[in-house]
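Note sheet for the following structure.
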Amino acid sequence: MIQTIQVQEGITLRCCTDTRFKTGCLTVQLVRPITVSEAAMNALLPAVLLRGSARYPDLRSITLRLDDLYGTTVGAQVRKIGDYQTTGLFCGFIDDRYTAEGEDFFASVIDFLRELLLHPLTEDGGFCKEFVESEKKNLLSAIEAQRNDKRIYAAEQLMKYMGKADTLGISRMGEPEKVAAITPQELYAHYERILRESRIELFYVGGCQPETVCRLLTPLFQKVQRCYVNLPDQTPFCDGGKTRNIQQMEVTQAKLQMGFLTDASMEDQDFAPMQVLNTVLGGMTGKLFMNIREKQSLCYDIGSVYQGCKGVLAVSAGMDCADVEKVEQSILQELEDCCRGNITPEELESAKQTLYSSLRTVHDSPGGIENYYGTSALSGLSLSIEEYMRQVQETTVEQLSALAKRLQLHSVFILKGVQ
Amino acid sequence: MEKREYPRLNETVYWDELPNGLKLAIVPRKGFSKKVAYFATGMGSVHRRFQMDGKNYEAPMGVAHFLEHKLFDMPGRDISAEFAALGASVNAFTSYDMTAYYFTATEHFEQCLQLLLEMVTKPYFTEETVQKEQGIIGQEIDMNIDSPETRIFENLSKAMYVKHPVREPILGTKETIAQITPQVLYDCHRAGYNPRNMLLCVVTDTDPEQVRQVAQTYTACMEQPQVEFEDCWQEEMTCPTSFVQDRMEVARPIFQVAFKCEPFHTGAQGVYEEFVGELAAEALFGESSTLYLKLYEQGLIDPSFGGGLDSLQDYVTLNAIGDSDDPFAVRDAILEQGGRIAAEGIGEEDFLRMKRSAIGSRIRALDNFDSVCFRLCAYHFTGTDYFAFPEIYEKVRSEDVQAFIARVVTPERCTLSLIEPKEEDGL
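As structure tokens, then:
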């Protein structure tokens, strides 16, 4: 069970007390409406915070402290959830029971996190220049390195083209030129502002009782002069027109990305059936895998993902450069089959079972709990797991066929070899 | 069944051996929906030469991985769909020294276990299905050719070793997999999927005795031929090539630097040696080391940097991988720091802290069912019980770590593998 506690206006603590785990986790997320002008700063901020604080002034003193805390991990967490970008820190730590300190251990972890989050090293009215410059360089490298994994790269490109008029097209990591232009002073002013104004989400999973967690976490933001600015609601996809782009690179295998659009959304009753459709089509044993990979041997990897916030279903596949058109046609054919209701009872049942399993196992790891409840709270998904499962169960082939007809091919991105 | 308790980890494992020689490890986890089973053989991509019932065999490169794919075929059935109908997902992987088939389920655990055992123990290959798989794996090979991590490691292994089969890609090549026939697969299956060479590892909240009964029933058909795998590939400790480079579509140069180490012994001694090596990696370039801080602050490494120990039969390397604009400077700095630790040793306080962190991280990893199964299997095939790690870690002495670094971190044992961006790339 997740207990939700309003710590103060705009600050929510979600607590999941569970003694089955050896690991606990705590995340602090500042929630922002994603914009091109701010995305780069939000992406950079946590990396700079992790470079040094007043008490732990360099990387080594931080990592030594983490070692002391039994190999606690702390990292930057930057997510994109529909129209929102979250920026903050996540922390994973061993449960009190396995430490010599016992119950005091969690308090030390929070103390350390507060230090990093609220007492960064500053100079000349900004963050430490050296930290900012070196983390800018790292972020720029990470943005560039996306092209190393061709599947991820192709998926990013599709989103960029398809979402040119929507937040879908804004990268979570920021645009390189925006990153390059950030100054330590500007970033510090931004940091102070978003600490003051943002909705803040705290999430805890571990063996401590909610009262204890709340008592330890409440003082965290008491010294911050808060002036909460209401977070706007999620908005539907804003269409900037269909695109078809082909890029050439020196690759052996071609990548195909097809973006389909539906008017179903996260809040309505079609969300769960849309996930069933996505699984029937592009799940681990879905139509695409069974027919295009297993029967036609055209691909090694093929599958689809559904982003409920924007009603976007993206199909991705890797294949021989000569087979791109053939695979593209086959994908459309499989979707056409769904429209016609050509879905066997076995296909439907196995998709449902796959979804049940993934929903049941949400509760089996701290990360699973944090990820499901932490993101669904922001994305507008108001389904409890039980209700979600019930809606999956009630989904019929007729419903899927109707939903498949609402899916329109919007944009295509192809990465091809040079020859 | 032997019930072993691990009070420091708050864990229990039921160990057993079936009459056919198959070992079982059952880890009870009460209160979780998720259940995981790994059925693993100690045959990996390096085990393609063997003697079986007095006859010698040499299978084409990539055969273990090919076999892994083909075991999913059962005549007139669709195994993945059967698992999916039970709400479970099944998958498999092939590494250099292990092939594992596993499923994750929340319900119908027993049926899933039966399916897994049936699938792995009842091979079925035809000319037609083998040919079709050549197409799918051909695409997987192409995908790997475009993967910088795979390419950098394969280049590194070829440069460091003269004859060790780690030089060969796990997937083989399109040419070698074209030589695979149903008979080749049947022979390799008979040799590698011998119950004495396998472990069934399960994490579940169901009754261990029931697991044992299912395992016994569904593995009764397994043959037990006399098999000797070729597994002796000892080499000189110097690297024949100290530098190798390649060009790919990457954003920045990617490097992997590795040091050749003496192979580990088997059993507890081997685990001790492994932990010595792991702590050596931590002391040398781990995130809390002075070198990491220095290189990070100089901008020579970034968060993509990481390293540790890789080991197989007759193969151990201490290695680090990352993106850098000056990989040579990183390599030289590691060598220099190795010399410093060799001369000065590691402070006692630093050493204790490193150990505490290492044990803490391993305890935390026990929340991950897949990681538990994977490690129990991998350690089992080297003759040890993974859950004994806290006790072994505590015994590790800093002098041994210092001596390890002194012996290993030297120019003769070092190879740098580099992937550079394509020249014509107009970034």
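Order-wise, the sequence lines are chains D and P.
Numbered per the numbering used here, the first sequence spans residues 1 to 419.
Numbered per the numbering used here, the second sequence spans residues 420 to 846.
Here a beta-carbon is modelled for each residue, glycine too, at the ideal position from N, C-alpha and C.
Taking C-alpha positions only, L383 (chain D) is separated from V276 (chain D) by approximately 15 Å.
In the DSSP annotation of this structure, E654 (chain P) is not part of any beta strand (DSSP E), being labelled neither H nor E. Three or more pairs of CB atoms, one per stretch, sit closer than 8 Å, so the stretch 38 to 57 of chain D contacts the stretch 179 to 192 of chain D. With 16 or more other CB atoms across the displayed protein chains lying within 10 angstroms of its CB, D95 (chain D) is buried.
Excluding five sequence positions before and after G75 (chain D), the CB atoms of its chain that fall closer than 6 Å to its own CB belong to F90, given in chain order. Neighbours of I555 (chain P) across chain D, judged by C-beta separation under 9 Å: R293, E294, S297, L298, C299, Y300. Rounded to the nearest whole angstrom, the C-alpha separation of R772 (chain P) and F704 (chain P) is 15 Å. Legend: CB atoms of the stretch 161 to 175 of chain D lying less than 7 Å from CB atoms of chain P are not found in any residue.
Sequence-ordered contacts of the stretch 451 to 469 of chain P with chain D read F451, S452, K453 [C-beta pairs closer than 7 Å]. Those residues of the stretch 360 to 378 of chain D placed with their C-beta closer than 8 Å to a C-beta in chain P are R360, T361, H363, D364, S365, P366, ordered along the chain.
The DSSP-derived three-state label of Y543 (chain P) is coil. In terms of Cα proximity to L712 (chain P), the closest of P:V749, P:S730, P:L728 is P:V749.
Using a Cβ-Cβ distance cut-off of 8 Å, the stretch 605 to 623 of chain P and the stretch 445 to 465 of chain P are in contact, since at least three pairs of beta carbons, one from each stretch, lie closer than that value. Proximity of the stretch 485 to 504 of chain P to the stretch 452 to 461 of chain P falls short of the contact definition, fewer than three beta-carbon pairs being nearer than 8 Å.
Contact note: T396 (chain D) does not reach chain P at a C-beta cutoff of 8 Å; the least C-beta distance is about 18 Å. In terms of Cβ geometry, Q391 (chain D) and A272 (chain D) form a close pair [threshold 7 Å].
At a C-beta separation below 8 Å, G303 (chain D) has no neighbours in chain P, since its nearest C-beta there lies roughly 13 Å away.
The residue among P:I596, P:C620, P:G554, P:Y515 with its C-alpha nearest the C-alpha of E294 (chain D) is P:G554. Residue contact with chain D for D665 (chain P): absent (no Cβ-Cβ distance below 7 Å to any residue of chain D). R79 (chain D) and K422 (chain P) have their C-alpha atoms roughly 44 Å apart.
Rounded to whole angstroms, E587 (chain P) and E573 (chain P) show a C-alpha spacing of 7 Å.
Membership of I302 (chain D) in the beta strand (DSSP E) is indicated by the continuous run 299 to 307. Every alpha helix (DSSP H) of 4 residues or more that sits fully in the stretch 667 to 706 of chain P is shown, in chain order, as 686 to 704. Ranked by Cα distance from L69 (chain D), the first of P:R783, P:V791, P:F788, P:F806 is P:R783. Within a 10 Å sphere around the beta-carbon of R816 (chain P) sit fewer than 16 other beta-carbons, which makes this residue exposed. Here P120 (chain D) carries a strand assignment [DSSP, helix/strand/coil]. If you draw a straight line from the Cα of L298 (chain D) to the Cα of E755 (chain P), it comes to about 50 Å.
The alpha-carbon separation between R448 (chain P) and V621 (chain P) amounts to approximately 10 Å. Rounded to whole angstroms, the gap between the alpha carbons of E716 (chain P) and D67 (chain D) is 20 Å. Spanning the alpha carbons of D323 (chain D) and M562 (chain P) requires a straight line of approximately 14 Å. Within its own chain, the residues whose Cβ lies closer than 7 Å to the Cβ of G259 (chain D), once the five positions on either side in sequence are excluded, are L158, M162, V312, A314, H410, S411, listed in chain order.
Not a single C-beta of chain P is nearer than 7 Å to the C-beta of R51 (chain D). Judged by DSSP in its simplified three-state form, R32 (chain D) adopts strand. Between V735 (chain P) and P746 (chain P), the alpha-carbon positions lie close to 22 Å from each other.
Residue state for E430 (chain P) is assigned as strand, using DSSP reduced to three classes. CA-to-CA, the gap between D435 (chain P) and L535 (chain P) works out to about 19 Å.
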